[in-house]
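See structure below.
Chains as they are written, first to last, in my numbering: chain A, 2 to 304; chain B, 804 to 1102.
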């Protein structure tokens, strides 16, 4: 087939093929309305998070910033989303909060996916005692109620956004390890894996060359489904007061709204925006993840 | 439960040994055991010498080094043996990389050698036809210049024309490089023009060994006779209308018959066959020929 275009070099053909594959994912995503809208929503949130310094100055987050402002003022031209109980701009906190929430959500997912994939690959391919031990650890994390565990870890490890993300990652890798292992078990019985063994390939070579490429789409789709859970966990931890006190996440905003009694005072501009943001982002990530899952796994194509 | 028993074979440099037998007789198990590619729970006893080294006593590192560099395998069913998501060329280079030799890609050269053309290295397996995939597998098997090529039914899934091409290719390569080859098949007609010597297997044992042509034309063991008779002979009209099969099924390896394992299906079995199990022995006036049958050489 490629012989028809003799002028192209192998590298060009490689890129052409990659572009084709990407184009296919893009085309299918375009036809998946929920997935596509979700992607746009997520891109919007990402843009806002990245441009936070342009929208509101960081100094507006300081407790002192609200000194001269009215407390719990309703939305106005000066404060588009009103002020909180100590007079700070809610919109500024919301915008800066999207940075913290998205960062923790994504970083925690990276941690969870890396741990989950390595454990799943090793447990699925190596088998024997190693697998038994890994699966026992995996089961421990599946069974232990994750919130108390996350709270304990958060208190022990400290409360910067990075440690919080690691804590959330550590408590949420167990499911993806199971998923990856199941796929690895079927892949490692393929004839080409036996062939690789026959040609003297080592365990790691087989895992990375032949097994990992087969589970990558699964890992990517699974990752987009872990992000919303991580964001929710971060919000939960912050709402319960175990988050980072210094960075303004959406969960922390909710915590502030709750403790200042904004609900009884009907200060909706304080508790509604962070709540809606959490719901929207979580929903968008879930729908986007499902769409990717459908694209990468042809068995789900019929829905 | 023994899948293969009492096998004693040797292959000289540059020689092709054909290993024939029906499905489930232990051909592939024997071949895979040569490189210790059987499941870890399997026991292999005896010794397997490859260029003077015993495979069975090798440490894992040595074994990995010996695999492919000394003996490589052309598997059956090429469509499953190639990783569908990796380019052919990369998969061939993988064998070279696994043995740490130069990073320079030899894939193109090897693909040229098997008549595919170097450009094909950039293709994915699904872009090749069955015969082309089998050629790619042969290129892969040659990647580390092995001494021994184990061809495990390399032409099973191919049509007759392509089959002939592949056999020709294997033969040429063997001649050019002085390779030894273990050629496994259930198709005796394939062996007739590839094998210098042929070994016939039944129920996990070798029951007859001999020079290729002689054995195929004049087999002595009743099972080899049945096997050769099941192919019509071209130019012999009488055989065309009555290819003979063999009644019964191969024995359950868990529960082998007493005496000669073939006696329940043997048309010429005597009472002696139910109790006496003869080892492979030189029974006739042909020094290359050994047969495991009480009746042969008795007259």
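By construction, the Cβ of each residue, glycine as well, lies at the ideal position given by its N, Cα and C atoms.
- Within the segment 84-157 of chain A, the runs of alpha helix (DSSP H) that reach at least 4 residues and sit entirely inside it are, in chain order, 91-127, 129-144.
- Against residue 206 of chain A, the close residues of chain B are 897, 900, 901, in the order they occur along the chain (beta-carbon pairs closer than 9 Å).
- Counting the other Cβ atoms within 10 Å of the Cβ of residue 1011 of chain B gives 16 or more, which makes it buried.
- For the segment 181-213 of chain A, the beta-carbon criterion of a distance under 9 Å to any beta-carbon of chain B is satisfied by 191, 192, 193, 194, 195, 196, 197, 198, 199, 200, 201, 202, 203, 206, 210, 211.
- In this chain, the beta strand (DSSP E) harbouring residue 1011 of chain B covers 1008-1014.
- Taking 8 Å as the cut-off, the beta carbon of residue 806 of chain B is found closer than this to the beta carbon of residue 1056 of chain B.
- Distances from the CA of residue 268 of chain A to each of A:75, A:65, A:134, A:38 were compared; the closest alpha carbon is that of A:75.
- Counting every other CB atom within 10 Å of its CB across the protein chains shown gives residue 135 of chain A a total of 16 or more, marking it as buried.
- For residue 888 of chain B, the residues of chain A that pass the 8 Å Cβ criterion are 214, 215, in the order they occur in the chain.
- Beta-bridge annotation (DSSP): residue 857 of chain B is paired with B:852.
- DSSP places residue 913 of chain B outside any beta strand (DSSP E); the residue lies instead in the alpha helix (DSSP H), whose first and last residues are 910-916.
- Here residue 889 of chain B carries a coil assignment [DSSP, helix/strand/coil].
- At a cut-off of 8 Å between beta carbons, residue 875 of chain B contacts chain A.
- Per DSSP, reduced to three states, the secondary structure at residue 839 of chain B is coil, with no helix or strand assignment.
- Taking a C-beta distance under 8 Å as the contact criterion, residue 212 of chain A and residue 188 of chain A qualify as a contact pair.
- Around the CB of residue 941 of chain B, 16 or more other CB atoms lie within 10 Å, so the residue is classed as buried.
- The beta carbon of residue 918 of chain B is closer than 7 Å to those of 938, 972 in its chain, skipping five residues each way along the sequence.
- According to DSSP, residue pairing for residue 821 of chain B in a beta bridge involves B:986, B:1001.
- The Cβ-Cβ distance between residue 72 of chain A and residue 271 of chain A does not fall below 8 Å.
- By the neighbour-count definition (other C-beta atoms within 10 Å, threshold 16), residue 962 of chain B is an exposed residue.
- Closest in C-alpha terms to residue 967 of chain B, from the list B:945, B:996, B:952, B:944, comes B:996.
- In terms of Cβ geometry, residue 155 of chain A and residue 148 of chain A do not form a close pair [threshold 8 Å].
- By the Cβ criterion, the segment 837-847 of chain B is not in contact with the segment 910-926 of chain B, since fewer than three pairs of Cβ atoms, one from each stretch, lie closer than 8 Å.
- The Cβ atoms of residue 199 of chain A and residue 859 of chain B lie no closer than 8 Å to each other.
- Per DSSP, residue 991 of chain B is not a residue of any beta strand (DSSP E); the alpha helix (DSSP H) it occupies stretches across 991-995.
- In terms of beta-carbon proximity, residue 929 of chain B stays away from the interface with chain A, with every pair separated by 8 Å or more.
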